[in-house]
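To keep things clear, I will list the structure first and then write my remarks on it.
Numbering (our numbering), first residue to last: 20 to 200.
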């Protein structure tokens, strides 16, 4: 809608006497991209939990290698490499959890930044050039909007696919157990 000429020019006065645009492009307000990114994050978690139940959390809180090492130590089998790999698995899980949270920020600012930059470009071009000369930039902005929607949807699809993908050693052992029965 922000591509419609005059869309953002309808203003109201706030109590401080400043003119504030009554209508603005939805994705140029940080709240909308943030809401979309949060919905994407919740959807990824939902589909991950729907497929794997509580075992979905193993990718974030994987203490089984360390627990196995502690069990081995209690049986008299000490292996320093297994201890290190157990702590590495915990660290990798924490990094994976952090990456999930960073996706919210990444999706939000990618969409917000590109849409705001496009709106600013159109504003500058429309002031610097006659309206007819700005038409190619409107087409470019439509293309950028389409590409951003495609990227946002594609990244969400990738994250959903990753959430439903099987993780780690649990997969290999459970697949072997299923086929042996």
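Positions of the beta carbon are idealized from the N, C-alpha and C atoms, including for glycine.
With H, G and I counted as helix, E and B as strand and the rest as coil, what does DSSP make of residue i?
{"i": "residue 39", "result": "strand"}
{"i": "residue 129", "result": "helix"}
{"i": "residue 149", "result": "coil"}
{"i": "residue 158", "result": "helix"}
{"i": "residue 52", "result": "helix"}
{"i": "residue 138", "result": "helix"}
{"i": "residue 198", "result": "Reliability of the predicted coordinates at residue 198 is poor, the pLDDT of 47 falling under 50, and no value is obtained from them."}
{"i": "residue 20", "result": "coil"}
{"i": "residue 68", "result": "helix"}
{"i": "residue 165", "result": "helix"}
{"i": "residue 191", "result": "For residue 191, the predicted structure reports a pLDDT of 44, less than 50, and the residue's modelled location is therefore unreliable. A value from the coordinates is still provided. Helix."}
{"i": "residue 79", "result": "coil"}
List the endpoints of the continuous beta strand (DSSP E) containing residue i.
{"i": "residue 32", "result": "30-32"}
Which runs of the alpha helix (DSSP H) spanning at least 4 residues fall entirely within the segment 83-131, listed in chain order? 83-93
Determine, using beta-carbon pairs with one atom in the segment 67-78 and one in the segment 179-186, whether at least three such pairs fall under 8 Å. yes
The segment 143-152 in contact with the segment 169-177 per 3-pair CB rule at 8 Å: no
contact_flag[the segment 71-79, the segment 109-125] where n(CB pairs < 8 Å) is 3 or more: yes
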